[in-house]
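S.K.: In the order they appear, the protein sequences are chains Z and H. Here our numbering is used: position 90 in the first sequence is 90, and no number is missing along the way. All you need for our numbering is the position in the second sequence, starting with 1, plus 1000.
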Amino acid sequence: MITLLDVVERALTGRSCYEREYNNVFSSKLKEVIKEYGIKYDPNTPIPSDNTLADDVFQAALDFYLDVGTYCLDTGRIIKFNESEIKDALKTSPSQLLFGEGMDAKIMVPRTPESKISPWCFLGAGGAPVSSEEVFLKLVEGYASIDIANSITTPALTSVRGMRIRPGSPLEILGTIRTIVLAREALRRAGRPGLPIMNALATATAAVSLNTALHPNYGLRETDGYLIAITAELKTSFDLLNKVCALQSLGYGGICSEYGPVYGGYCGGPEGTVIAAVAGHFMGVLVYRAGWHLIFPIHINYGCNSTPELLWVTSVYAQAISRNTHLLSLHLNYTAAGPCTEMCLYEIAAQRLAAIPSGASGIESLGAAKATHEDYTTPMEPRFAAEVAHAIVGMRRSDANEIVKKLLPKYTNKIANPPLGFKYQECYDTLTGKPSQRCLEIYSKVKKELEDIGLEFKL
Amino acid sequence: MSEFKKLSEAIIAGDREAAIKVANEIVDKGLDAVEAIEKGLMVGAKEVGEKFDRLEIFLPELMMSADAMQAALNVLLPQIPKGKIPRKGIVVCGTVKGDIHDIGKNVFAAMLRANGFEVYDLGIDVPASKFIEEAEKVGADIIALSALMTSTMGEQKDVIDYLKAMGKRDKFIVMVGGGPVTRQWAEEIGADGYGETASEGVKVALKLIEERRRVK
């Protein structure tokens, strides 16, 4: 087994290399394996049913990661693993994990393409910023009130007593503590105190913030999930490893490696992005000993992952991982459009159709309007995402492909200039927590359209 | 094919060696270096930028083109009297303190270089004072600040506040960008410019430089 000390040792003694050289090797090796394995994006098939393609992508990613390894930003060295270390880590990685407590405890399990197993629904804001603690509380209570939510992704507080949070500062530590205290309170208000928080914690950029907030007085639990970022592309740092160190020392099993390979960046096109996405899983199990994985390929210009190329990437990486490993791998979606718009719901449906029939273990939904605008997040969109995810359990990839092809013309020409939508306060009654008539009408209209093209909503 | 056309082709192909070779041929033949930059390098750079916008090429190719551009400039610039160098402007850029993401910033830097800017890239996790110190050292026109996380956007404001506190705000154009950064945020913190994408950022930089020169 590769321990954290092994990782640190390799970070200190691995081959030294400038970051620029690593980036160049990353790009050129990707091109090599794409050519060697004949990986080719097909714009006419956003959700392929080609098992050979999925398996070739998996093997290409293995060859690729063996060659390039992980770059440590602090030491300027490459952390590498051999093939048996990678394969052993994949074999010994957990095939199920328990999250949550009491009535809301649940086991996350892997799925395979076209699986009839219900997906894990990790719902909320995807770390989107909110303007106040009041909005934060209302939103988290709203997310927790979604009956099919298995876990919560909180928004990110951006200020403490009116002072904007700065990374690595006392403000960030205080903001992180407030985030967890408020989130637990919101879950209690929703009557679901045992629901796990699985993006612990969006506010904690620096290790010192997360590690401080781990004190049991604040309410983080062993049964919550802990996202540790893989810096694009396939890089880590001592600060990220410090989070891993604290969590492993406490024996917390909920470590997740989260990775957003950038389409158009060093990954190049869809083919390189999908290989990097699969390689990110290898890095996660080896460098972070992650028990679960969260992948969000992202468009370099548009900041979302609902474009046809990224639906293909989502589908193929999910197939590659679920056909060749038992890893627990969730997909996080970012939409270009904001809340309470038809376009946002079309994007969500397409993204879930790409992930679920392709074997993703579950979904994190969602970062609406790219999760960049304060308060542009509501409980309506994650609820819709979870309903779609449940509706398409057991769906054949070929059927999902046909439905997605009908959805794409409804929004792709607006991705560059999407509607921003509306703030939570404009979409919901902040006193009762109920959605406005306008939101309900849009939600019902798009659901009906989806039913007309083949979805059967079960929940 | 004219020498200038050959130069633009070398930039589009991201072929550093070819760019150097053609630039040397231009010098050897006594052709006008300023014209070579404007009719060769800039034409190639424009096409590269457009191809990247359409994602017909990706970041590695963009950076190769920027490298080729820089290599050709290294040959051509010494041929031009100092006052006549067609440089668009000097930019100091970096990712703000606490943030270690650099892909967006790298794209912006590469596109700036490809468009004739002299760029000093300070890398990631750059403190406010370092941006200003470096901008003064190199005589920058623009300080460009990248942030990829909502938690690090505040650092962009800190740089602007730091400039104000030092009484140096008017010395530099300040531009902001990055995943979570919006036009509204740029206005709120008093930035001079914002680009949602790298290519938009370059257009804004060119416009701001032009406006500044007109005022002067």
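Virtual Cβ for every residue (Gly too), placed ideally from N, Cα, C.
With 7 Å as the limit, tell me which residues of the region 268-295 of chain Z have their beta carbon closer than that to any beta carbon of chain H; keep them in chain order.
M.R.: Gly268 and Gly269
S.K.: Going along chain H in order, which residues have a C-beta closer than 8 Å to the C-beta of Ala156/Z?
M.R.: The residue you call residue 156/Z lines up with position 156 of the first sequence. By Cβ distance, chain H contributes Thr1150 and Ser1151.
S.K.: By the three-class DSSP mapping on this structure, what secondary structure does Leu227/Z have?
M.R.: By 1-based counting over the first sequence, the position of residue 227/Z is 227. Correct three-state label for Leu227/Z: strand.
S.K.: Using 8 Å as the Cβ pair cut-off and three pairs as the minimum, do the region 291-306 of chain Z and the region 54-69 of chain Z touch?
M.R.: no
S.K.: Against chain Z, does Gly1179/H count as a neighbour if the rule is that its beta carbon must be under 8 Å from one of theirs?
M.R.: As a first step, residue 1179/H must be located in the second sequence, where it is residue number 179. By this cut-off, Gly1179/H is an interface position.
S.K.: Which same chain residues, not among the five before or five after Ile86/Z, have their C-beta less than 6 Å away from its C-beta?
M.R.: Working through the first sequence from its first residue, we reach residue 86/Z at position 86. Closer than 6 Å at the Cβ level, and outside the excluded window around Ile86/Z, lie Phe282.
S.K.: Let's see if you can read the secondary structure: which residues bound the alpha helix (DSSP H) around Thr176/Z?
M.R.: Translated into the one-based positions of the first sequence, residue 176/Z becomes position 176. Pro170 to Arg189 is the extent of the alpha helix (DSSP H) around Thr176/Z.
S.K.: Leaving out five residues before and five after Lys1130/H in sequence, what residues of the same chain have Cβ atoms less than 8 Å from its Cβ?
M.R.: Locating residue 1130/H in the second sequence gives position 130, counting from the first residue. Hits under 8 Å: Gly1094 and Leu1122.
S.K.: Does any residue of chain Z bring its CB to less than 8 Å from the CB of Pro1127/H?
M.R.: Reading the second sequence from its first residue, position 127 is the one you call residue 1127/H. So, not an interface residue.
S.K.: Does Lys1157/H get closer than 8 Å to chain Z when you measure Cβ to Cβ?
M.R.: For the purposes of this step, residue 1157/H is identified with residue 157 of the second sequence, where counting begins at 1. Against chain Z, the CB of Lys1157/H has a partner CB under 8 Å away; the residue lies at that interface.
S.K.: Could you spell out the range, first to last residue, of the beta strand (DSSP E) harbouring Ser132/Z?
M.R.: On the first sequence, residue 132/Z is found 132 positions in, with the first residue counted as 1. Counting along the chain, Ser132/Z falls outside any beta strand (DSSP E), and DSSP gives it neither H nor E.
S.K.: Given a threshold of 16 other Cβ atoms within 10 Å of its Cβ, counted over all protein chains shown, does Pro46/Z qualify as buried or as exposed?
M.R.: Taking the first residue of the first sequence as position 1, residue 46/Z is located at position 46. It is buried - the Cβ of Pro46/Z has at least 16 other Cβ atoms within 10 Å.
S.K.: Quick one: using the 10 Å Cβ neighbour count with 16 as the cut-off for buried, is His331/Z buried or exposed?
M.R.: For the purposes of this step, residue 331/Z is identified with residue 331 of the first sequence, where counting begins at 1. His331/Z comes out buried.
S.K.: For Thr1197/H, return the contacting residues in chain Z, with the cut-off set at a CB-CB distance below 7 Å.
M.R.: Counting from one through the second sequence, the residue named residue 1197/H turns up at place 197. Result: Asn301.
S.K.: Exposed or buried, what is Phe58/Z when buried is set at 16 or more other beta-carbons lying within 10 Å of its beta-carbon?
M.R.: In the first sequence, counting from the first residue as 1, residue 58/Z sits at position 58. So Phe58/Z counts as buried.
S.K.: Counting only Cβ pairs nearer than 9 Å, list the residues of chain H close to Gly168/Z.
M.R.: Taking the first sequence and counting its residues from 1, one reaches residue 168/Z at position 168. Under the 9 Å cutoff, chain H gives Lys1097 and Gly1098.
S.K.: Let me know the alpha helix (DSSP H) ranges lying completely inside the region 1162-1201 of chain H, each 4 residues or longer, listed in chain order.
M.R.: 1183-1189
S.K.: Is Val1107/H close to chain Z? Criterion is C-beta to C-beta, closer than 8 Å.
M.R.: Taking the second sequence and counting its residues from 1, one reaches residue 1107/H at position 107. Interface flag for Val1107/H against chain Z is set, since a Cβ pair is found closer than 8 Å.
S.K.: DSSP three-state call for Lys1029/H: helix, strand or coil?
M.R.: On the second sequence, position 29 is the one that residue 1029/H refers to. Of the three classes helix, strand and coil, the one that applies to Lys1029/H here is coil, per DSSP.
S.K.: Roughly how many angstroms lie between the CA atoms of Phe238/Z and Phe1004/H, to the nearest whole one?
M.R.: To locate residue 238/Z, count along the first sequence from 1; it is residue 238. To locate residue 1004/H, count along the second sequence from 1; it is residue 4. Straight-line measurement puts the Cα of Phe1004/H at about 48 Å from the Cα of Phe238/Z.
S.K.: Would a check of beta-carbon distances place Leu1059/H closer than 8 Å to chain Z?
M.R.: Here residue 1059/H corresponds to residue number 59 of the second sequence, with the count starting at 1. It does: the Cβ of Leu1059/H has a partner Cβ on chain Z nearer than 8 Å.
S.K.: Ser118/Z to Gly219/Z, Cα distance in whole Å?
M.R.: Taking the first sequence and counting its residues from 1, the one referred to as residue 118/Z is at position 118. Taking the first sequence and counting its residues from 1, the one referred to as residue 219/Z is at position 219. When rounded, the distance between both Cα atoms is 29 Å.
S.K.: If you follow the beta strand (DSSP E) that Ser257/Z is in, where does it begin and where does it stop?
M.R.: As a working note, residue 257/Z is residue 257 in the first sequence. Unbroken beta strand (DSSP E) run through Ser257/Z: Ile255 to Tyr259.
S.K.: Do we get a CB-CB distance below 8 Å when we pair Leu1112/H with the residues of chain Z?
M.R.: What you label residue 1112/H is simply residue 112 of the second sequence in a count that begins at 1. No, because no Cβ of chain Z sits closer than 8 Å to the Cβ of Leu1112/H.
S.K.: Would DSSP call Arg1212/H helix, strand or coil?
M.R.: Position 212 of the second sequence holds residue 1212/H. Here Arg1212/H sits in helix by DSSP.
S.K.: On the DSSP bridge list, what partners appear for Gly1089/H?
M.R.: Taking the first residue of the second sequence as position 1, residue 1089/H is located at position 89. Paired residue(s): Phe1117/H.
S.K.: For the ligand ADP, is there a heavy atom less than 7 Å away from the beta-carbon of Pro94/Z?
M.R.: Although the ligand ADP was asked about, the structure shown includes no ligands whatsoever.
S.K.: In terms of DSSP beta bridges, what is Ile152/Z paired with?
M.R.: In the first sequence, the residue the question calls residue 152/Z occupies position 152. Leu123/Z and Ile197/Z.
S.K.: With H, G and I counted as helix, E and B as strand and the rest as coil, what does DSSP make of Tyr266/Z?
M.R.: What you label residue 266/Z is simply residue 266 of the first sequence in a count that begins at 1. Coil.
S.K.: Can a CB atom of chain H be found closer than 8 Å to the CB of Ile228/Z?
M.R.: Counting from 1 along the first sequence, the entry for residue 228/Z is found at position 228. For Ile228/Z, the answer is no, since every Cβ of chain H falls outside 8 Å of its Cβ.
S.K.: Determine, using beta carbons only, whether Val7/Z and Ile79/Z come nearer to each other than 8 Å.
M.R.: One-based indexing of the first sequence puts residue 7/Z at position 7. One-based indexing of the first sequence puts residue 79/Z at position 79. At a Cβ-Cβ threshold of 8 Å, Val7/Z and Ile79/Z count as neighbours.
S.K.: Since Ala368/Z and Thr314/Z are thought to touch, with beta carbons under 8 Å apart, how far apart are those beta carbons, to the nearest angstrom?
M.R.: Numbered from 1 along the first sequence, position 368 holds the residue referred to as residue 368/Z. Numbered from 1 along the first sequence, position 314 holds the residue referred to as residue 314/Z. Not really, about 17 Å apart at Cβ, beyond 8 Å.
S.K.: Given that a residue counts as buried once 16 or more other Cβ atoms are within 10 Å of its Cβ, and exposed if not, what is Ala460/Z?
M.R.: Missing from the structure shown is residue 460/Z; chain Z here goes from 1 to 459 and no further.
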